[in-house]
Amino acid sequence: MLRLLLSLPVSLAMVFALFSVMAWMVNLGKLNGVTPSAPVSFNMVMFEAQSEVARRQRAVPPPPDVPPPPQPEVMKVSQTPMTTTSAQVEMPNVDMSFSVNGLAISVPSVGIPGNSVANNHQQLTPLSRVDAVYPAKAKKRGIEGYVLLRFDIDETGRPQNIEVVEAQPARFFERSAVDAVKRWRYQPQIIDGAAQPILGYSTRIEFKMQ
Numbered sequence: 001m002l003r004l005l006l007s008l009p010v011s012l013a014m015v016f017a018l019f020s021v022m023a024w025m026v027n028l029g030k031l032n033g034v035t036p037s038a039p040v041s042f043n044m045v046m047f048e049a050q051s052e053v054a055r056r057q058r059a060v061p062p063p064p065d066v067p068p069p070p071q072p073e074v075m076k077v078s079q080t081p082m083t084t085t086s087a088q089v090e091m092p093n094v095d096m097s098f099s100v101n102g103l104a105i106s107v108p109s110v111g112i113p114g115n116s117v118a119n120n121h122q123q124l125t126p127l128s129r130v131d132a133v134y135p136a137k138a139k140k141r142g143i144e145g146y147v148l149l150r151f152d153i154d155e156t157g158r159p160q161n162i163e164v165v166e167a168q169p170a171r172f173f174e175r176s177a178v179d180a181v182k183r184w185r186y187q188p189q190i191i192d193g194a195a196q197p198i199l200g201y202s203t204r205i206e207f208k209m210q
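All the letters of the sequence shown, read from the start, carry residue numbers 1 to 210 under UniProt numbering.
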């Protein structure tokens, strides 16, 4: 019992000394602690490289030389005098020639049917004459030729019953000649105060390249 009482103060003294040493060590660590260094800051500046973009200047090419359009070939259509087969009274030959759009055309003489005197007849006068078109196939090959046609003229001056009598060369100019004659118009023939038809009127259309 006595021993216990003696060891109690010694134990308390040792505990107090131990806590004192620990407190001193803690304070010493705070005093000798490492001072933190100031934070390092970085300023990043980005520089954009300036580059000059060279623009290529393209020179405008000069306009190409446009050749002048070729001059159209002039077609020569001529008619040679023919006599009609159904004429009862014949008129004197009258040579009429004129030029239409570069075409040389000669009008043939015709016979006028009827039984009146010659002074009552009138010369067959064309009111309109459409030029024949030169066929492209013949023009490309440089072919020339003619077409001999026979047709009637009614009381109104319109060609009727058109037929091809002869064509040289064949199968080149017939259609063009017939199409042109279909659009021709003539002055109606007045005999004894009445218009009379003309039968068997013949004409020749020549196709020549100039």
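The C-beta atom is built at its ideal place from N, Cα and C for all residues, glycine as well. Please read these numbers as outputs of a predicted model, since none were measured by experiment.
Asked	Found
Cβ-Cβ separation, Glu174 to Val147 (assumed contact under 8 Å), whole Å	6 Å
Cα-Cα separation, Val107 to Gln196	Confidence at Val107 is low in this model, with a pLDDT of 41, below 50, so its placement is unreliable and the value that follows should be read with caution. Taking the straight line from one Cα to the other gives about 20 Å.
Distance between Asn161 and Lys182 (C-alpha atoms, nearest Å)	10 Å
Cβ-Cβ separation, Gly193 to Arg150 (assumed contact under 8 Å), whole Å	Contact doesn't hold; Cβ gap of about 28 Å is too wide.
Presumed contact (8 Å Cβ cut-off) between Ile198 and Gln187, rounded CB distance	Contact doesn't hold; Cβ gap of about 11 Å is too wide.
Selected residue, minimal CA-CA separation from Gly157, among Arg185, Ser11, Ser128	Arg185
Residues of its chain near Leu127, where Cβ-Cβ distance is below 8 Å and the 5 sequence neighbours each way are ignored	Gly157, Arg185, Tyr186, Gln187
Expected contact under 8 Å - CB spacing of Glu144 and Lys208 to nearest Å	5 Å
Beta-bridge partners of Pro135, as assigned by DSSP	DSSP, once it has assigned bridges, lists no residue as partnering Pro135.
Three-state secondary structure assigned by DSSP to Phe207	strand
Identity of the residues DSSP links to Gly145 by a beta bridge	Phe207
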